[in-house]
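Residue numbers (our numbering), protein chains in the order written: chain P, 82 to 198; chain V, 116 to 224.
Think of the CB as a built atom: it goes at the ideal place given N, C-alpha and C, for glycine as much as any other residue.
It should be emphasised that the depicted structure is a prediction, and the values quoted were computed from it without experimental measurement.
Take a look at the structure set out below.
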């Protein structure tokens, strides 16, 4: 079946521009996560959506970062006034959450490689 | 102190050998533990969950030591295809997963 998809796969932008990154989770998955991974580094949690609950924004590095999830499905991560330190791979993951499952397996998309020049 | 810490490696392993590495976590209330595998320039994928009693999946064995707050991964009979970065993942209360920085394993002929 279809996995998590992300677009664009690569994005090059000039410093100071805004960018939007898109994530399409696996159908039926109620949880959606955004992470950032800099070259050679581990995953940095950014934000988490679970159903209709308020998102956990505790990982967003600054108020230039925001995300929304419309209709409990597609999510968009927006970075305003991009800086060079925002350059990284932005990974989206989704998981099937619920009382019936003890699995928190996250399925990752291929990521968006963002380069700020 | 980081919530989840791993030796970054690389662990250089001869093909056919056994390699093991640990991951320590700081939150004693952590509930669930996982090992993910990430190939170069690819997304992470779940390798295995880690159960309290320890568990094995083929050549891979995972252990949990709650008293000392670490989990381990052991790979037997290493294959060239085992070369990857292994990410330790911990879930505390709530649904957020915390990833370690990864341990890089290089299996050489």
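Problem set entry | Partners in chain V for residue 189/P, counting only beta-carbon separations shorter than 8 Å | Simply 158, 159, 160.
Exercise. Does residue 128/V have its Cβ less than 7 Å from a Cβ in chain P?
Worked result: No, its Cβ sits nowhere closer than 7 Å to a Cβ of chain P.
Exercise. How is residue 179/V classed by DSSP in three states: helix, strand or coil?
Worked result: Assignment of residue 179/V by DSSP, reduced to helix, strand and coil, places it in the strand class.
Exercise. Mind pulling the chain P residues with CB within less than 7 Å of residue 175/V?
Worked result: Chain P residues near residue 175/V: none, gap ~16 Å exceeds 7 Å.
Problem set entry | Three-state class that DSSP yields for residue 196/V in the structure shown | In the structure shown, residue 196/V sits in a helix (DSSP, three-state: H, G or I).
Problem set entry | Range covered by the beta strand (DSSP E) that runs through residue 155/V | According to the DSSP assignment, residue 155/V belongs to no beta strand (DSSP E), since it is labelled neither H nor E.
Exercise. With 16 as the cutoff for other CB atoms within 10 Å, does residue 140/V come out buried or exposed?
Worked result: Residue 140/V comes out buried.
Problem set entry | Residue(s) in a DSSP beta bridge with residue 198/P | Residue 198/P is not bridged to any residue.
Exercise. Which class does residue 187/V belong to by DSSP, given the choice of helix, strand or coil?
Worked result: Strand, per DSSP.
Exercise. What number of angstroms, rounded off, separates the C-alpha of residue 160/P from the C-alpha of residue 224/V?
Worked result: Looking at the two C-alpha atoms, the distance is approximately 44 Å.
Exercise. With 7 Å set as the bound, which would you pick, yes or no: does the beta-carbon of residue 124/V sit closer than that to a beta-carbon of chain P?
Worked result: Not closer than 7 Å to any Cβ of chain P, the Cβ of residue 124/V fails to qualify, so no.
Exercise. Within the 7 Å Cβ cut-off, does residue 195/P reach chain V?
Worked result: Using a Cβ-Cβ cut-off of 7 Å, residue 195/P does not count as an interface residue toward chain V, since no Cβ of chain V sits closer than that to its own.
Problem set entry | residue 167/P, DSSP secondary structure in three states | Helix at residue 167/P.
For this session: Rounded to whole angstroms, what's the CA-CA distance from residue 127/V to residue 222/V? Just pull it up for me.
Result: Going from the Cα of residue 127/V to the Cα of residue 222/V covers about 6 Å.
For this session: Return the residue from the list 175/P, 139/P, 164/P, 134/P that minimises the CA-CA distance to residue 127/P.
Result: Residue 127/P has its Cα closest to that of 139/P, out of 175/P, 139/P, 164/P, 134/P.
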